[in-house]
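Here the sequence shown stands for residues 22 to 61, numbered as in our numbering.
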Amino acid sequence: MAEFETADREQRELDAKGEGARDDDEELRLQELNQLLFRD
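What follows is the structure in C-alpha cells.
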C-alpha cells in the first residue's frame with residue numbers, strides 16, 4: 022500500500038508542474054507512473 026501511495030504522490034506532483042515545466046526525464050517518469058497507476 023505504501024508503494025502505491027508513494028507513486029500516487031509522485032504522479033500528482035509531476036502532473037501539477039504542468040507540461041511546460043517538466044523536463045524530459047520527469048515527462049518520462051510521469052508516463053511510467055500513469056501506466057503503473059492505470060491513468061491516462
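Idealized CB from N, CA, C, for every residue including glycine.
Could you tell me which of the options sits nearest to residue i, measuring between CA atoms?
i, options, result
"R60", "D46, Q32, A42 and E47", "Q32"
Going by the beta-carbon positions, is the gap between residue i and residue j smaller than 8 Å?
i, j, result
"A28", "L54", "yes"
"L57", "D36", "no"
In chain order, what are the residue ranges of uninterrupted alpha helix (DSSP H) at least 4 long that sit wholly in the segment 34-59? With a minimum length of 4 residues, the continuous alpha helix (DSSP H) runs that stay inside the segment 34-59 are 45-57.
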